[in-house]
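Under full-length UniProt numbering, residues 1 to 389 are what the sequence shown spells out, in order.
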Amino acid sequence: MEPVSAVGFVAAIVQLIETTTKVIGYVNDVKDGPAERAQFARHASSLLALLIDLRYRAEESKPTSISWLAALRGLRAPGGPLDQLQSHMEHLARKLEPSTGRLQRVGKALAWVLDKKEMEELLTRIERVKTLVMLALQNDLFVRLLSRCGSPAPWSGSTLTGGSDEEFTKVTTWLSSLDFAAKQVDFSNRRQPGTGEWLLSDPGFLSWLGGEKQTLWCPGLPGAGKTTLAAMVIDWLESQHRGIVIYLYCNYKEEAIQTPHNMLGSLLKQIVQQKIALPEEVRSLHKEHLQKQTLPKLDELARLFVQEVKTRSAVFVVIDALDECAERGNTRGTLLDTIERLPSNARVLITSRYSPTIQDGFKMIPHIIADIRATPEDVKRYVQARIEK
């Protein structure tokens, strides 16, 4: 891809960002809209955060970054995922746009435009584009996917998923309703350049990176920058292309939704989203429980997750703020038990406050400790950024 093509890609992304922002604005203005309105707004907002990250990374790309530029070309292919989503968003924006002085029409328009079938189709497209954008941000994997799929025909997404778009979305959403990608983009964007990078040369980190099946525990005091550090490590690992990177951001305020099923399911979901085909065992498990109208057992999720990790050359798992994972309901215990079962190609990094309870949880898990601290350089960067604002 020549530089001018990269410029064209950025222009297309900017156009999609603007259209998506406009649609989200219209949807948020609806009064007493259907319950699906909030679902659409959440999915679209999550996509928007990823698109913004993709835009700035594309602007910073160099003509020599061949694999990265190939990933951009795949997304921008005529009739491809971005083209199709742009067309759908423009159509939706036209339908939702209120007449001057008659905002009341928006609610009626939304109810008419987004019937159940259309809503499902649009959410499916949004989820697939989110998946492909995340893959593009890990561009080496995305390029391998494209090369195995052959030349692009009118894009449906089924080639990448080993099934229909609808099935892929239903199964991955069933695994977990949580979406940590938008959180990662947000935390990463807040971080001042250079903050926390001292960890990359820390002996404990280097030992963890080069060893077999080890867990790196990074405890720190409140306000020491643990979440910022987790976001930095995730960005760095993805930029190094050392393997699959998956992550969780624990938050005590989200205890109601960060259940053992949702958190463990999210880890499995993130690996599945980076596969060429939907694993047959995952598809079968979904079908079995759909018929019974039951949730998967935690052991079933853990078994499939461990199994999927074994199929990859290297998997990095980052769990931020484990201390905020509820002990009630055993979310924390479930994650630690699963970590203990991981194969030798897995590396796990955990941040948390100092906690004897968490330390006890590591008794059966080989681990290294790297204390998190706010270095003078990090504090200086933070203060300088605040002054500039």
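All C-beta atoms, glycine included, are put in the ideal place defined by N, C-alpha and C.
So residue 316 and residue 347 are supposed to be a Cβ contact under 8 Å. How far apart are they, rounded?
For this step, residue 316 is matched to residue 316 along the sequence shown. For this step, residue 347 is matched to residue 347 along the sequence shown. Right, their Cβ atoms sit about 5 Å apart.
Excluding five sequence neighbours on each side, which residues of the same chain lie with their C-beta closer than 8 Å to the C-beta of residue 24?
Position 24 of the sequence shown, counted from the first residue, corresponds to residue 24. Counting only Cβ-Cβ distances below 8 Å, and skipping sequence neighbours, we find 41, 44, 45 and 48.
Within the same chain, show all residues whose beta-carbon is closer than 6 Å to that of residue 353, passing over the 5 residues directly before and after it, in chain order.
For the purposes of this step, residue 353 is taken as the residue at position 353 of the sequence shown. Excluding sequence neighbours, residue 353 sits near 323.
Since residue 318 and residue 185 should fall inside the 8 Å C-beta cutoff, what is the C-beta to C-beta distance between them, to a whole number of angstroms?
As a first step, residue 318 must be located in the sequence shown, where it is residue number 318. As a first step, residue 185 must be located in the sequence shown, where it is residue number 185. With 8 Å as the limit, residue 318 and residue 185 do not qualify as a contact, their Cβ atoms being about 15 Å apart.
Please give the ranges of any alpha helix (DSSP H) in the region 270-344, keeping only runs that are unbroken, at least 4 residues long and fully inside the region.
Within the region 270-344, the complete alpha helix (DSSP H) runs of at least 4 residues are 280-292, 298-310 and 331-341.
Please name the residue or residues paired with residue 245 in a DSSP beta bridge.
Residue mapping note: residue 245 aligns to position 245 of the sequence shown, counting from 1. Its beta-bridge partners are 316.
Which residues in the same chain have their Cβ closer than 8 Å to the Cβ of residue 361, if we skip the five residues on either side of it in sequence?
If you number the sequence shown from 1, residue 361 lands on position 361. Same-chain partners within the cutoff: 332, 333 and 336.
With which residues is residue 352 paired in a DSSP beta bridge?
For the purposes of this step, residue 352 is taken as the residue at position 352 of the sequence shown. For residue 352, which the question treats as bridged, DSSP gives the partners 219.
Could you check if residue 266 is buried or exposed, using at least 16 other CB atoms within 10 Å of its CB as the buried criterion?
The residue given as residue 266 occupies position 266 in the sequence shown. By the neighbour-count rule (16 or more Cβ atoms within 10 Å), residue 266 is buried.
Shortest alpha-carbon distance to residue 357 belongs to which of 377, 380 and 330?
Within the sequence shown, residue 357 is the residue found at index 357, counting from 1. It is 330 whose Cα lies nearest to the Cα of residue 357.
Exposed or buried, what is residue 474 when buried is set at 16 or more other beta-carbons lying within 10 Å of its beta-carbon?
Any answer about residue 474 is impossible in this case: the structure gives the chain only from 1 up to 389.
Given this structure, state the Cα-to-Cα distance separating residue 366 from residue 16, to the nearest angstrom.
The residue given as residue 366 occupies position 366 in the sequence shown. The residue given as residue 16 occupies position 16 in the sequence shown. Spanning the two alpha carbons is a distance of roughly 46 Å.
Could you give the distance in angstroms between the alpha-carbon of residue 262 and the alpha-carbon of residue 87?
To locate residue 262, count along the sequence shown from 1; it is residue 262. To locate residue 87, count along the sequence shown from 1; it is residue 87. Near 33 Å, if we compare the C-alpha coordinates of residue 87 and residue 262.
How should residue 239 be labelled, buried or exposed, when 16 other C-beta atoms within 10 angstroms of its C-beta is the threshold for buried?
Taking the first residue of the sequence shown as 1, we reach residue 239 at position 239. With fewer than 16 other Cβ atoms within 10 Å, it is exposed.
Where residue 280 and residue 287 are concerned, what is the direct C-alpha to C-alpha distance, given to the nearest angstrom?
Indexing the sequence shown from 1 puts residue 280 at position 280. Indexing the sequence shown from 1 puts residue 287 at position 287. The alpha-carbon atoms of residue 280 and residue 287 are separated by roughly 10 Å.
Whether or not the region 284-303 and the region 218-238 are in contact is what I'm after, with contact meaning three or more pairs of Cβ atoms, one per stretch, closer than 8 Å; do they touch?
No, the region 218-238 does not touch the region 284-303.
Spell out the partners DSSP gives residue 369 in its beta bridges.
Here the question's residue 369 lines up with position 369 in the sequence shown. Beta-bridge pairing links residue 369 to 217.
In or out: residue 39 buried (at least 16 other Cβ within 10 Å) or exposed?
Taking the sequence shown and counting its residues from 1, the one referred to as residue 39 is at position 39. The residue is exposed, with fewer than 16 neighbouring Cβ atoms inside 10 Å.
Is it true that the CB of residue 175 sits closer than 9 Å to the CB of residue 268?
Counted from its first residue, the sequence shown places residue 268 at position 268. Counted from its first residue, the sequence shown places residue 175 at position 175. Yes.
Which residue's Cα is closest to the Cα of residue 128: 215, 312, 94 and 83?
By one-based count along the sequence shown, residue 128 stands at place 128. Out of 215, 312, 94 and 83, 83 has the C-alpha closest to the C-alpha of residue 128.
Taking its Cβ as the centre, do 16 or more other Cβ atoms sit within 10 Å of residue 311, making it buried, or is it exposed?
Sequence index remark: in the sequence shown, residue 311 carries index 311 (1-based). Exposed: under 16 other Cβ atoms inside 10 Å.
Identify every residue that forms a DSSP beta bridge with residue 346.
Looking up residue 346 in the sequence shown gives position 346. DSSP output for residue 346 lists 315 as bridge partner(s).
Taking all protein chains shown into account, do 16 or more other C-beta atoms lie within 10 angstroms of the C-beta of residue 134, making it buried, or fewer, making it exposed?
Translated into the one-based positions of the sequence shown, residue 134 becomes position 134. Buried.
Going by C-alpha to C-alpha distance, which of 209, 328, 326 and 339 sits closest to residue 302?
Taking the first residue of the sequence shown as position 1, residue 302 is located at position 302. Among 209, 328, 326 and 339, the Cα nearest to that of residue 302 is on 339.
Among 97, 328 and 118, which residue has its Cα nearest to the Cα of residue 255?
Here residue 255 is taken as the residue at index 255 of the sequence shown, counted from 1. Among 97, 328 and 118, the Cα nearest to that of residue 255 belongs to 328.
Does DSSP put residue 150 in a helix, a strand or coil?
On the sequence shown, position 150 is the one that residue 150 refers to. Bear in mind that a pLDDT of 43 at residue 150, under 50, signals an unreliable position, so the model cannot answer this.
Please classify residue 380: does DSSP put it in a helix, a strand, or coil?
Position 380 of the sequence shown, counted from the start, is the residue given in the question as residue 380. Reduced to three states, the DSSP call for residue 380 is helix.
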